[in-house]
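Colleague:
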Amino acid sequence: MLSYLAAIVIGYLLGSFPSGYLVGRLRGVDVRQWGSGRIGGANVLRSVGPWAALLAVMGDVAKGVVAVFVARALVGSPSAEALAGLAAILGHDFSIFLSFSGGRGVATTMGALGALYLPAPIILAVIGLSVIAVSRYSSLGSLTIATLMPFVMLYLVLFADKPAWYLVYGLAAGILIVVLHKGNIQRLLAGTERKVGKSGKRRESVP
Numbered sequence: 043m044l045s046y047l048a049a050i051v052i053g054y055l056l057g058s059f060p061s062g063y064l065v066g067r068l069r070g071v072d073v074r075q076w077g078s079g080r081i082g083g084a085n086v087l088r089s090v091g092p093w094a095a096l097l098a099v100m101g102d103v104a105k106g107v108v109a110v111f112v113a114r115a116l117v118g119s120p121s122a123e124a125l126a127g128l129a130a131i132l133g134h135d136f137s138i139f140l141s142f143s144g145g146r147g148v149a150t151t152m153g154a155l156g157a158l159y160l161p162a163p164i165i166l167a168v169i170g171l172s173v174i175a176v177s178r179y180s181s182l183g184s185l186t187i188a189t190l191m192p193f194v195m196l197y198l199v200l201f202a203d204k205p206a207w208y209l210v211y212g213l214a215a216g217i218l219i220v221v222l223h224k225g226n227i228q229r230l231l232a233g234t235e236r237k238v239g240k241s242g243k244r245r246e247s248v249p
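Under the numbering used here, read the sequence shown as residues 43 to 249, first letter to last.
Put into structure tokens, the structure is as follows:
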């Protein structure tokens, strides 16, 4: 039980590591003061630039991967791996190091998913990036991934003999992504969502 709890706590702390925020700080930018105020790759892209965004995304993906691997080493059960992955996502979204603010967790979700079953995030990333390329809305790509992920995991459980906890992970992570994109959904429906490539405006206050 202690190792199980340790895996979840470590997952949360790993997820809390603010990759995007630190990358921005290295360039003299507090990404929380720009655009959406989030610390994920999309906002780093708008407020700092593409190379910084790439580093932020790589860091966020790594958090999810390491969280699952730690759970696998400590416990070795699918439930611990899934819960540690979800804990990493929660850490990214509500970082203890940033007064419980953070990002929307897409990259960390994909990292943990890759540690569970590598082909799944590759397929989802191809679809999500295709949606972004056509629509120019990064949020729409993220929402597409969140919507399809539970179905991908359901297929794996039913037809590839994967643990039911993989479906739990896909459902919980997908729902969390959609909930944290509530504002984006409203702007997409209103036609006011920012497209990829447009710089973020400076915010009046830090979240």
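Note that the Cβ used here is the ideal one computed from N, Cα and C, for glycine as well.
Indicate whether the contact test is met: 3 or more Cβ pairs, each with one atom in the region 213 to 222 and one in the region 184 to 203, closer than 8 Å.
Modeller: The region 213 to 222, when compared against the region 184 to 203, does touch it at the 8 Å Cβ threshold.
Colleague: To the nearest angstrom, report how far apart P92 and M43 are at their CA atoms.
Modeller: Translated into the one-based positions of the sequence shown, residue 92 becomes position 50. Translated into the one-based positions of the sequence shown, residue 43 becomes position 1. So the alpha carbons of these two residues sit roughly 43 Å apart.
Colleague: Less than 8 Å separating the beta-carbons of V65 and A94?
Modeller: Indexing the sequence shown from 1 puts residue 65 at position 23. Indexing the sequence shown from 1 puts residue 94 at position 52. Yes; because the gap between Cβ atoms is below 8 Å, this pair is in contact.
Colleague: Can you tell me where the alpha helix (DSSP H) holding A202 begins and where it ends?
Modeller: One-based indexing of the sequence shown puts residue 202 at position 160. Premise fails: A202 is in no alpha helix (DSSP H) and is neither H nor E.
Colleague: Going by DSSP, what residue range makes up the alpha helix (DSSP H) through Q228?
Modeller: Stepping through the sequence shown from its first residue, residue 228 is reached at position 186. Counting along the chain, the alpha helix (DSSP H) containing Q228 begins and ends at 224 to 232.
Colleague: Taking the alpha helix (DSSP H) that S89 falls in, what are its first and last residues?
Modeller: For the purposes of this step, residue 89 is taken as residue 47 along the sequence shown, with counting starting at 1. Looking at the DSSP string, the run of the alpha helix (DSSP H) that includes S89 is 83 to 89.
Colleague: Return the chain-ordered list of same chain residues with a C-beta closer than 8 Å to the C-beta of L222, the five sequence neighbours on each side being excluded.
Modeller: Residue numbering aside, residue 222 sits at position 180 when the sequence shown is read from its first letter. Same-chain partners within the cutoff: D135, R146, G147.
Colleague: Going by Cα to Cα distance, which pick from L140, F193, S143, V176 is closest to L166?
Modeller: Within the sequence shown, the letter at position 124 stands for residue 166. Closest by alpha carbon: F193.
Colleague: In or out: R236 buried (at least 16 other Cβ within 10 Å) or exposed?
Modeller: Residue 236 sits at position 194 when you count from the first residue of the sequence shown. By the beta-carbon neighbour count (other beta carbons within 10 angstroms, threshold 16), R236 is buried.
Colleague: List the whole-angstrom C-beta distance separating G127 from Y211, where the pair is believed to meet the contact cut-off of C-beta under 8 Å.
Modeller: Taking the first residue of the sequence shown as position 1, residue 127 is located at position 85. Taking the first residue of the sequence shown as position 1, residue 211 is located at position 169. That belief holds up - the Cβ atoms of G127 and Y211 are roughly 6 Å apart, short of 8 Å.
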